[in-house]
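> Mind having a look at this structure? Questions to follow.
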Amino acid sequence: MTSARTPRDYYDVLGIPRNAGEGEIKKAFRRLARELHPDVNSHDPQAEDKFKEAAEAYEVLSDPERRATYDRYGHEGLRSGGYAPNFETFGSVSDLFEAFFGGGGFGDLFGGAARAGGATQGGDVAASTEIDLAQAAHASTVDVSYEAIVRCQNCRGNGAEPGTPIETCARCQGTGQLRAVSRTPFGQVVRAAPCDVCHGDGRVAREPCRVCRGRGRSVQRSNITVDVPAGIANGQRIRISGRGHAGERGGPSGDLYVLIRVREDSRFVRDGDDLVTAIDVPAPLAALGTTVTVATVEGSVELEVPAGTQPHETLVLHGRGMPALRGRRTGDLRVVVNVVVPRHLNHKQRELFEQLADSMTHHNLRTDEGVFAKLRRHFGG
Ligand SMILES: [Zn+2]
Ligand SMILES: [Zn+2]
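If you're matching positions, the sequence shown starts at 30 in our numbering and goes up one per residue.
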């Protein structure tokens, strides 16, 4: 780094005591690297600088000679002794990681993903299914069909035609790894790469399995019954662990993610856990009061429309909406009243309306509402 600021104490950077052993230094650096890895820490704009600082501290403290110089003479002593950290030659922080930890997906750094022998976890699989709103309102199950890589049935995953031997790989002498030495600004870095013949297995089939051509795995369509929790919303995913692609060389399977699409229901609009619907009520009945039948996700219910209900007034059926996914109270069904003013009146009806209109007084028609209140109701506010 070319910045003029005073470099921090290397022990502070790694968070270790001055008498830390080799193992402790390594462990501290790996822990920091894990935290600062760009795949993990994309939100910290300083992650790259922090990693370079940690890499420099590690580079010095992991080298007994440099460490002794630093312990005695500090940063100045190192610089005058000819040491200069040089991380700028790396194109990206990923390259820098690779220089320290080798390629192959940082499995070494994160542990587990690439164990000895090349065991790798299978990838995740995405599938989707559609349910209707009534299903979403209840805990239900749905059958999902998906394709995933599975262990080959013919060779049971070992890649050899049944009855034929599996032999020690000649290329890597059974270690599963080939060592490649590359030059980096830190000097020579020895990297272990999986053997390209046995792919890290250390063993190869003399006669590869006919079905999977020695890969030990094949693509298969599977069906699974998925439990769908009540209250699920369109676009949410359900994760089923271990039902993704099969792992390689004994690695665990990936996960299956099922995207749930909730079909639109022409009777309802969903608003969070609430459902909204609209009903037509003839103007005379809105004035008189009436009982109407309203559809809910649980079937029809009777709803009282009080006398004098105005256009766009909302009546609430508590607890008739969608159940909350995380166990809170069930939503409501909000029923918007659409008052229908009669049209195409016949002679008799016209007469009745005329009589009615003549009989109206201020007391029948006053609303006690300002323009804003009226508009708010109209626009559903
Ligand atoms: Zn096979
Ligand atoms: Zn090999």
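Even glycine gets a Cβ: it sits at the ideal position worked out from N, Cα and C.
Does at least one heavy atom of ligand 2 sit under 7 Å from the Cβ of C198?
yes
> Should the stretch 345–353 be regarded as contacting the stretch 304–324, the criterion being three or more beta carbon pairs within less than 8 Å?
Touching, yes, given that three or more Cβ pairs across the two stretches are closer than 8 Å.
> When burial is assigned at 16 or more other CB atoms within 10 Å of the CB, is L332 buried or exposed?
buried
> Could you spell out the range, first to last residue, of the alpha helix (DSSP H) harbouring G106?
P93 to S109
> Using DSSP with H/G/I as helix, E/B as strand and the rest coil, what is R242?
coil
> Count the CB pairs spanning the stretch 252–259 and the stretch 178–195 that are closer than 8 Å, and state whether there are at least three.
no
> Give a yes or no on contact between the stretch 218–236 and the stretch 101–116, applying the rule of three or more CB pairs nearer than 8 Å.
Per the Cβ contact rule, the stretch 218–236 is not in contact with the stretch 101–116 (fewer than 3 Cβ pairs under 8 Å).
> Using a threshold of 8 Å, state whether the C-beta atoms of V219 and R208 are closer than that.
In this structure, V219 lies near R208, with their beta-carbon atoms less than 8 Å apart.
> Return the CA-CA distance between F401 and G360, expressed in angstroms with no decimal places.
28 Å
> Using beta-carbon positions only, say whether R37 and E82 come within less than 8 Å of one another.
In this structure, R37 lies near E82, with their beta-carbon atoms less than 8 Å apart.
> So, is V366 buried or exposed, given that buried needs 16 or more other C-beta atoms within 10 angstroms?
buried
> Under DSSP, the alpha helix (DSSP H) around G52 begins and ends at which residues?
E51 to L65
> Here's a check: name, in chain order, each residue in its chain whose Cβ is nearer than 6 Å to the Cβ of A165, leaving out the five neighbours to either side.
I261 and V291
> So G151 packs on G283, CB below 8 Å; how close in whole Å?
With 8 Å as the limit, G151 and G283 qualify as a contact, their Cβ atoms being about 4 Å apart.
> Tell me whether V240, by its Cβ, gets closer than 7 Å to a heavy atom of ligand 1.
yes
> Please confirm whether any heavy atom of ligand 2 lies closer than 7 Å to the CB of C184.
no
> Please classify V210: is it buried, with 16 or more other beta-carbons within 10 angstroms of its beta-carbon, or exposed?
exposed
> If we call anything under 8 Å between Cβ atoms a contact, is A315 one with V364?
no
> Would you verify that the beta carbon of Y286 is, or is not, closer than 8 Å to some beta carbon of chain B?
In the displayed structure, chain B is absent; only one protein chain is listed.
> Would you say C181 touches ligand 1, meaning its beta carbon is less than 7 Å from a heavy atom?
yes
> Could you tell me whether any non-hydrogen atom of ligand 2 is closer than 7 Å to the CB of G243?
Ligand 2 never approaches G243 closely enough for any of its heavy atoms to be under 7 Å from the residue's Cβ.
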